[in-house]
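*Asks:*
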Amino acid sequence: MDASELQPVVQFLGQLIPFDSLSAATLERCCRSLTVGYYSKASKYVPLDESHPQLYIVRSGAFEVRDEQGELIDRLGDGDFFGFPSLLSGEKISNRIQILEDGLVYHLDPETFNALRSESREFDRFFNRAFAKRLRHQGRFKAAELGSTNRVSSLMSNQPLTLDVKASVSEAARLMRNARVSSVLILDNQKLVGILTDRDLRNRVLAEGLNGDLPVYKAMTPSPTYLHSSALVFEAMLLMSQHNIHHLPIMDHDLPIGVITSTDILRGQSSQPLLLIGEIERQNSLESLINVSKQIPLLLQNLISADARAEEIGRVLTSVTDALTRRLIVLNQQILGQAPLPFCWLAFGSQGRQDQAACSDQDNGLLVAEEMDEQAQGYFEALTKAVCAGLDACGYVYCPGDIMAQNPKWRMTLKQWQQQFENWVQRPEPKALMHASIFFDMRCVYGPSTLFDSLQTRVLEFTKDNDIFLAGMAGNSLQVSPPLGFFKKFVLERDGQEVKGIDLKHKGSALINDIARIYALSAGIKEVNTAKRIRLLMEQNIINRKDALNLADAHEFIAHMRLSNQGYQFTHNEALSNYLKPQQLSSLVRHQLRDAFKVVHDAQAGLKLKFTRSF
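Numbering follows this note's numbering, in which position 385 of the sequence shown is assigned residue number 1212; successive positions increment by one, without gaps.
#1: Please check the pair aspartate 1091 and methionine 983, which I expect to be a contact at CB under 8 Å, by giving their CB distance rounded to whole angstroms.
#2: Tell me whether valine 863 is buried or exposed, calling it buried when 16 or more other Cβ atoms sit within 10 Å of its Cβ.
#3: At the level of alpha carbons, what is the spacing between leucine 1163 and glutamine 1204?
#4: On the three-pair Cβ rule with 8 Å, is the segment 1169-1188 touching the segment 1258-1276?
#5: Please report the straight-line C-alpha distance between glutamine 881 and glutamine 1411, rounded to a whole angstrom.
#6: Here's a check: name, in chain order, each residue in its chain whose Cβ is nearer than 6 Å to the Cβ of serine 913, leaving out the five neighbours to either side.
#7: Using 8 Å as the threshold, is the C-beta distance between isoleucine 1117 and cysteine 1186 below it?
#8: Using a 10 Å radius around the Cβ and a threshold of 16 neighbouring Cβ atoms, would you call methionine 1064 buried or exposed?
#9: Locate the beta strand (DSSP E) running through arginine 923, then write down its first and last residues.
#10: Evaluate contact between the segment 1391-1403 and the segment 1422-1442, counting only Cβ atoms and requiring at least three cross-stretch pairs below 8 Å.
#11: Report yes or no: do three or more beta-carbon pairs, one from the segment 1068-1077 and one from the segment 1039-1052, lie closer than 8 Å?
#12: Could one say the Cβ of leucine 1278 lies closer than 8 Å to chain D's Cβ atoms, at least one of them?
#13: Taking buried to mean at least 16 other C-beta atoms within 10 Å of its own C-beta, is methionine 816 buried or exposed?
#14: Do lysine 1408 and glycine 1328 have their C-beta atoms within less than 8 Å of each other?
#15: Among all the DSSP beta bridges, which residues are the ones paired with methionine 1239?
#16: Return yes when the Cβ of arginine 1136 is within less than 8 Å of the Cβ of glutamine 1181, no when it is not.
#17: Can you round the beta-carbon distance between serine 870 and isoleucine 926 to whole angstroms, since I take them to be within the 8 Å contact cut?
#18: Check cysteine 858 in the structure and name its three-state DSSP category.
#19: Consider the C-beta atom of asparagine 1005 and the heavy atoms of the ligand ADP; say whether any pair is separated by less than 7 Å.
#20: Start and end of the beta strand (DSSP E) containing lysine 1018?
#21: Between the segment 887-898 and the segment 831-851, can you find at least three pairs of beta-carbon atoms closer than 8 Å?
#22: Can you grab the Cα-Cα spacing for the pair leucine 1103 / alanine 1423, in whole Å?
#23: Could you give the first and the last residue of the continuous beta strand (DSSP E) run that contains histidine 1074?
#24: Just tell me which of Val1427, Ile1156 and Gly1179 has its CA closest to the CA of tyrosine 1206.
#25: Could you please give the first and the last residue of the uninterrupted beta strand (DSSP E) stretch that includes threonine 1088?
#26: Quick check: alanine 1166 and leucine 1278, are their CB atoms within less than 8 Å of each other?
#27: Could you have a look at serine 975 and say whether DSSP puts it in helix, strand or coil?
#28: According to the neighbour-count rule (16 or more other Cβ atoms, all chains shown, within 10 Å of its Cβ), is lysine 1315 buried or exposed?
#29: Determine the contact status of valine 1043 and leucine 1023, defining contact as a CB-CB distance below 8 Å.
#30: Within 10 angstroms of its Cβ, does threonine 1211 collect 16 or more other Cβ (buried), or is it exposed?
#31: Look up valine 932 in the DSSP assignment and say whether it is helix, strand or coil.
#32: Could you name the residues of the same chain whose beta carbon sits closer than 7 Å to that of glutamine 1122, not counting the 5 residues immediately before and after it, in chain order?
#33: Quick check on glutamine 842: does DSSP put it in helix, strand or coil?
#34: Return the CA-CA distance between phenylalanine 1313 and aspartate 1229, expressed in angstroms with no decimal places.
#35: Please report the Cβ distance between leucine 904 and valine 885, rounded to the nearest whole angstrom; I am assuming they are in contact, meaning their Cβ atoms lie under 8 Å.
#36: For proline 1049, does the three-state DSSP call read helix, strand or coil?
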């Protein structure tokens, strides 16, 4: 490598941690030893030589690290590394590197790598920490008490048994017997339309004295409950418990790819979150619910200690909140009697998005099917006040802005809610835009899904391609920016006391929530969870793949930092907050946090360009 070729390599490597800690002479020697490889997306995977491990330094392109089972471990771009685990451990290469975009990669031989480790303590420490982080990442779902945070794909039976909808019950029974399984999925033109189980055969065929010529569609359970392959085992357990079923089809891109059964789950470890929810569902008084809810902070600590993903922690904690809410509704209905009209209990904000953390307050409302007479108004006032008071007693404090079902303003009929959302959309004034950041992330926690669907469908009709409203939302969200100042220093704020810190919620996670929400509303996407919104926006090519993956990674990293910080505060008996003190961070984590905020900054620039350029 001559001088003209060497200079850009030295410049690039000299900006990367930990190479920036090397002396000029050592850095130049290192760069002279590098070789260069070009990897085409058409090759799919980087060829790794078992007999010659190397450090790979990504100069350009995009890659994914996957384990032997194909599970995603890490995503890599410019300035990232792979290959170091084998160099450090001496073990054979087990992970695969998938090529997402054509790229150039520098190769550093093991002799030079080990020499740099010997010469530079900072260099050695960086890769040892990176190796430890990789091990934690690969093993974070292996903790016995948290086995339920695995994906359902880890337990389901692959290649599910399927049968055409026109087949007979006898054919289905023979198929199940020969395959030694207790269910078969029923398809119509490759689309899942039902499931037939042993219980269906017993209750709907044998008990009714029918013969085997009965068409399978007359005995099956139509439109079965199902989960996507990315769902957690915990969610499968919860769904089975709620619907009293023992078989769940697993879908991927609208096609059935497997079935998970209660037997599959029993083979796994017991679930602390599910046990807690089971306890909640068994309580018969507010006092006992308050006692059970005292376990929630410990559950959060265990999830953080197990290094579970922030997205999954949010889903687990929100499931607990949902269970508490439903139980409070049921207990108070036992006192007040049956509701005079069908209703839905609506969750907004973080509970709606399923990304709750510590310090969550209430954001809820009530959707009633029809106009309420005086008696109905009195019933729902008593019910909502009792449920909101119960949630407050269980640790979910009253909303400072009074966005709660106990407030008559947020207790409305379907027609009134639809009119309210239309008013916000048609007249995007500052207060309406403030409400949009809370109310447009809504989910039904209790009540008929058809009633909620009627509301959500109408709301998305108002927002889809509504340029004026979307421009107003974008402009409102852009009033807050990530905490980056000049020279890559963090902008710190006071947390209400004398402590300066980075507001990870309002200057990080909330900004990404805003970005995903605006894009989703513009496209009429029903999903309200931020991570899922980003995935759908990528799949529908609304946000390009690279930007979407970067935004998803930044969302996870900032949320993870927020949870880890709250875990630290909890163990050190400090008041829980969203403020992070930068002085507690290593130089590596500071670098990663700056990168995450830079992604948010760039995404805001894209939002401004797309939604506000005409206004």
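Backbone N, C-alpha and C fix where the C-beta goes; we use that ideal spot for every residue, glycine too.
*Replies:* Walking through what the data contain:
#1: By a beta-carbon distance limit of 8 Å, aspartate 1091 contacts methionine 983. Their separation comes to about 7 Å.
#2: Under this definition valine 863 is an exposed residue.
#3: Straight-line Cα distance between these residues: approximately 13 Å.
#4: With a cut-off of 8 Å, the segment 1258-1276 and the segment 1169-1188 count as touching, because enough Cβ pairs lie within range.
#5: If you take the alpha carbons of glutamine 881 and glutamine 1411, they lie about 33 Å apart.
#6: Closer than 6 Å at the Cβ level, and outside the excluded window around serine 913, lie Pro880 and Ile920.
#7: Taking a C-beta distance under 8 Å as the contact criterion, isoleucine 1117 and cysteine 1186 do not qualify as a contact pair.
#8: Buried is the call here.
#9: 923-928 is the extent of the beta strand (DSSP E) around arginine 923.
#10: Not touching, per the Cβ criterion.
#11: A contact exists between the segment 1068-1077 and the segment 1039-1052.
#12: Absent from the structure: chain D. Only one protein chain is present.
#13: Given a span of 828 to 1442 for the chain in the structure shown, any question on residue 816 remains unanswerable.
#14: Contact: yes.
#15: Answer is Leu1194, bridged to methionine 1239.
#16: No, Cβ-Cβ distance for glutamine 1181 and arginine 1136 is not below 8 Å.
#17: Between serine 870 and isoleucine 926 the beta-carbon gap is near 6 Å, inside 8 Å, which marks them as a contact.
#18: Reduced to three states, the DSSP call for cysteine 858 is helix.
#19: Absence of the ligand ADP is noted for the structure shown, with no ligands found whatsoever.
#20: First-last of the beta strand (DSSP E) with lysine 1018: 1018-1024.
#21: In short, these stretches do not touch, since the Cβ pair count stays below three.
#22: Per the coordinates, the alpha-carbon of leucine 1103 lies some 34 Å from the alpha-carbon of alanine 1423.
#23: From DSSP, the beta strand (DSSP E) with histidine 1074 extends over 1074-1079.
#24: The shortest C-alpha separation from tyrosine 1206 is found at Ile1156.
#25: It spans 1082-1088 - the beta strand (DSSP E) in which threonine 1088 sits, taken as one unbroken run.
#26: No; because the gap between Cβ atoms is not below 8 Å, this pair is not in contact.
#27: In this prediction, serine 975 scores a pLDDT of 49, lower than 50, which makes its location untrustworthy; the coordinate-derived value is nonetheless stated afterwards. If DSSP states are grouped into helix, strand and coil, serine 975 belongs with the helices.
#28: Per-residue confidence for lysine 1315 stands at a pLDDT of 48, beneath the threshold of 50, marking its modelled position as unreliable; no derived number is given.
#29: In this structure, leucine 1023 lies closer than 8 Å to valine 1043 by Cβ.
#30: Within a 10 Å sphere around the beta-carbon of threonine 1211 sit 16 or more other beta-carbons, which makes this residue buried.
#31: Strand, per DSSP.
#32: Cβ neighbours of glutamine 1122 beyond the five flanking positions: Leu1103.
#33: The answer is coil: DSSP assigns glutamine 842 none of H, G, I, E or B.
#34: Confidence in phenylalanine 1313 is poor, its pLDDT being 40 and thus under 50, which makes the residue's placement too unreliable to answer from.
#35: Per the sequence shown, the amino acid found at residue 904 is glycine instead of leucine. So it is a contact: roughly 6 Å between Cβ atoms.
#36: Reduced to three states, the DSSP call for proline 1049 is strand.
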